[in-house]
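Below is one structure, written out as structure tokens; the observations come after it.
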Amino acid sequence: MNFLMEFYRDGSVVKDLNCTFLALIPKVGKPESIKDYRPINLVGAMYKLLAKVLANRLKKVMNSIISPSHMVFVKDRQIVDGFIIAEEVIHSWKKDMKRGLLLKLDFEKAHDSVDHSFLDDMLEKMGFSLRW
């Protein structure tokens, strides 16, 4: 519990906490090459505990801060819903002889290109404290 209190107080974690150990699990009875193994990452229990605490706190507000058009990473929303909606729009346009444009954007590595001070400002405007 001290670990969680320190994280809340200081807002940071010990670097080693985020270490992952790689274990190779055999796929076959007598593995002979690297292809015969399945790698799995073993993450420390403290890191998992912290992630779970933060995820549970976010769950309470996700539906109010994430757009209804965002289809993933929110409970009861699935990426396939986006495809179904797009198909329904196309079908409606064809039936009504309307023209339109559908656009799908996927920003690769978007997290790396976002100004984090902008995110901090937006979170603050949404009512999150800097130590949420």
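Sequential numbering from 1 applies to the sequence shown in UniProt numbering. Built from N, CA and C at the ideal position, the CB exists for glycine as well.
In the structure shown, Ile79 adopts helical secondary structure according to DSSP, grouped into three states. The UniProt domain "Reverse transcriptase" (26 to 129) is shown to contain whole alpha helix (DSSP H) runs of 4 or more residues at 45 to 59, 62 to 65, 79 to 95, 110 to 113 and 116 to 125, in chain order. Lys59 and Val28 have their C-alpha atoms spaced approximately 40 Å apart.
Non-local C-beta neighbours of Gly82 in its own chain, meaning closer than 7 Å and more than five positions away in sequence, comprise Met71, ordered along the chain.
A distance below 6 Å between beta-carbons, with the five flanking residues on each side excluded, links Phe3 to the following residues of its chain, in chain order: Met46.
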